[in-house]
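*Asks:* Position one of the sequence shown corresponds to residue 50 (the working numbering), numbered consecutively onward. By construction, the Cβ of each residue, glycine as well, lies at the ideal position given by its N, Cα and C atoms. Dropping a structure here in structure tokens format, bear with me for questions.
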Amino acid sequence: MRDVLLDLQAWLAQGRSVALATVVSTWGSAPRPPGSKMLIDQHGAMIGSVSAGCVEGAVAEQALDVLRSGTPRLLQYGVADDTAWQVGLACGGEIWVWVEPASRLVSQEGAFARWEQAIAERRSAVRTVVVGGPPELLGNSRLMDSLGADGLLASGEQAGRIEADARALLGSGGPEIRSYPWPEGKVEVFFDVDRPAPVLVIVGAVHIGLALCRLAKGAGYRVVVIDPRRGFNTEERFPHADERLLAWPDEALRGLGVTDAVAIAVLSHDPKIDDPAVREALRSPAFYVGALGSRRTTRLRRERLIAAGMPEHELDRLYAPIGLDLGGRSPEEIALSILAQIVAVRSGSSLADRQPD
């Protein structure tokens, strides 16, 4: 939604009728992943993409019918081998596209306003929308973020299960469709997980941090480097960093406004810097907090923080020793292991906990 939100707001402000098309499921070599979006106005103008061009004309035609009727619908398309080749794919596939009037979403019990707020504040959100089942439920949606939820999806025995699934996907997961038994048979619910671009905060402008900064930028992260030492935290050493903060890490982290789109890697190997960084980071909603050090260093850090009054349950979510056990020892190899663990945690992979001995 973040990719098309400004355009949607502008079109609605201009008084246009707008349909929102969203890829909800794919099979095979589908051109665009679930969650991809396209806007279509009443004249057939389009912004965004649901198929890299191969079926978007057909989606636009259906969208015009949706705007005329006001009734959302789920569309299925097969992408033939020859068409798939033309758009850069090796073979065919299938995509399912949900098309709905944007006016229905905007007016639905505060859900759209919550979505706009989550995007503006760089927080993750998940919209659950009924895309299959009884006609009276089609298009019902609920928007959940870390601060709460708005909208009404459905009532009944399965409603609690759907909400629990949404909460789990909000923590770590991607867009997907799930089926639930219902008195009339079943309902199909699409979980539109919407995450901001991830941020990596590196505490400690050390050699591993240099390598990690380069790798993270290549992976699409916004990188912030925190270190109070002027000789370490320089533009010459970190030319790829989006932001450098010459401050003590606890103060800097409080000023950043850490969200659940942020990963924090504590790397200085100096307790004066690392301890306050770990303490502040673990009290934030950051989706990942890791700290460099051997198992002995990790044990001693834990003992210091507990003695200083930090609850053990807060320390239990610290990834330490940091990184996956890839067997590497150079700064570049250690940086790779850290980034791999961050990616695993963000995607909900079971590999996330495989740490070095």
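Please work out which residues of its chain come closer than 6 Å, Cβ to Cβ, to Phe-281, disregarding the five sequence neighbours upstream and downstream, and give them in chain order.
*Replies:* Locating residue 281 in the sequence shown gives position 232, counting from the first residue. Here the set comprises Ala-254.
*Asks:* Give the DSSP-derived three-state secondary structure of Gly-267 in the structure shown.
*Replies:* Mapped onto the sequence shown, residue 267 falls at position 218. Gly-267: helix per DSSP, three-state reduction.
*Asks:* Ordered along the chain, which non-local residues of its own chain (more than five positions away) have a Cβ less than 6 Å from that of Val-175?
*Replies:* Counting from 1 along the sequence shown, the entry for residue 175 is found at position 126. Within the same chain, Val-175 has close Cβ partners Met-193, Ala-215, Leu-218, Leu-219, Phe-240 and Val-242.
*Asks:* Express the C-alpha separation of Ser-100 and Tyr-126 in angstroms, rounding to a whole number.
*Replies:* Here residue 126 corresponds to residue number 77 of the sequence shown, with the count starting at 1. Here residue 100 corresponds to residue number 51 of the sequence shown, with the count starting at 1. Cα to Cα, Tyr-126 sits roughly 10 Å from Ser-100.
*Asks:* Based on the DSSP secondary-structure assignment, which residues constitute the bridge partners of Val-238?
*Replies:* On the sequence shown, residue 238 is found 189 positions in, with the first residue counted as 1. According to DSSP, which records beta bridges pairwise, Val-238 is partnered with Val-179 and Arg-227.
*Asks:* State yes or no: is the C-beta of Val-248 within less than 8 Å of the C-beta of Val-311?
*Replies:* Sequence index remark: in the sequence shown, residue 248 carries index 199 (1-based). Sequence index remark: in the sequence shown, residue 311 carries index 262 (1-based). Yes, these two residues count as a Cβ contact at 8 Å.
*Asks:* Would you grab the beta carbon distance between Pro-82 and Val-73 for me? Rounded to a whole angstrom, and I think it's under 8 Å.
*Replies:* One-based indexing of the sequence shown puts residue 82 at position 33. One-based indexing of the sequence shown puts residue 73 at position 24. With a Cβ gap of about 11 Å, Pro-82 and Val-73 do not count as contacting.
*Asks:* Would you mind listing the alpha helix (DSSP H) stretches within the region 329 to 379 that are 4+ residues and don't spill past its ends, in chain order?
*Replies:* DSSP runs (the alpha helix (DSSP H)) wholly in the region 329 to 379: 344 to 356 and 361 to 364.
*Asks:* Pick helix, strand or coil for Pro-244, following the three-state DSSP scheme.
*Replies:* Indexing the sequence shown from 1 puts residue 244 at position 195. First, the amino acid is wrong: residue 244 is Arg here, not Pro. Coil.
*Asks:* Quick check: Thr-2 and Trp-147, are their CB atoms within less than 8 Å of each other?
*Replies:* As displayed, the chain neither begins before 50 nor continues past 406, which places residue 2 out of reach and without an answer.
*Asks:* Between Arg-332 and His-362, what straight-line distance do the alpha-carbon atoms span, to the nearest angstrom?
*Replies:* As a first step, residue 332 must be located in the sequence shown, where it is residue number 283. As a first step, residue 362 must be located in the sequence shown, where it is residue number 313. So the alpha carbons of these two residues sit roughly 11 Å apart.
*Asks:* Gln-91 by DSSP, collapsed to three states: which one?
*Replies:* Here residue 91 refers to the residue found at position 42 of the sequence shown. Coil, per DSSP.
*Asks:* Tell me whether Trp-76 is buried or exposed, calling it buried when 16 or more other Cβ atoms sit within 10 Å of its Cβ.
*Replies:* Locating residue 76 in the sequence shown gives position 27, counting from the first residue. It counts as exposed.
*Asks:* Using the rule of at least 16 other Cβ atoms within 10 Å of the residue's Cβ for burial, across every protein chain shown, is Ala-330 buried or exposed?
*Replies:* If you number the sequence shown from 1, residue 330 lands on position 281. Ala-330 is buried by the Cβ-count criterion.
*Asks:* Output yes or no for whether 8 Å exceeds the beta carbon distance between Lys-238 and Ile-257.
*Replies:* Sequence index remark: in the sequence shown, residue 238 carries index 189 (1-based). Sequence index remark: in the sequence shown, residue 257 carries index 208 (1-based). Contrary to the premise, residue 238 reads as Val rather than Lys in this sequence. Their beta carbons are not under 8 Å apart, which means Val-238 does not touch Ile-257 by this criterion.
*Asks:* What residue range is occupied by the uninterrupted alpha helix (DSSP H) comprising Gly-397?
*Replies:* The count along the sequence shown starts at 1 and reaches residue 397 at position 348. From DSSP, Gly-397 is part of no alpha helix (DSSP H); its letter is neither H nor E.
*Asks:* Give me the Cα-Cα distance between Leu-364 and Asp-402, rounded to the nearest whole angstrom.
*Replies:* To locate residue 364, count along the sequence shown from 1; it is residue 315. To locate residue 402, count along the sequence shown from 1; it is residue 353. Each residue's alpha carbon lies about 15 Å from the other.
*Asks:* Let me check understanding here. Comparing Cα to Cα, which of Ala-94, Leu-302 and Ser-98 lies closest to Met-50?
*Replies:* Residue numbering aside, residue 50 sits at position 1 when the sequence shown is read from its first letter. Cα-wise, what sits closest to Met-50 is Ser-98.
*Asks:* Helix, strand or coil: how does DSSP classify Trp-147 here?
*Replies:* Sequence index remark: in the sequence shown, residue 147 carries index 98 (1-based). Here Trp-147 sits in strand by DSSP.
*Asks:* Pull up the CB-CB distance for Val-236 and Leu-186, whole angstroms please, since I reckon it's below 8 Å.
*Replies:* Along the sequence shown, read from residue 1 onward, the residue named residue 236 stands at position 187. Along the sequence shown, read from residue 1 onward, the residue named residue 186 stands at position 137. With 8 Å as the limit, Val-236 and Leu-186 qualify as a contact, their Cβ atoms being about 6 Å apart.
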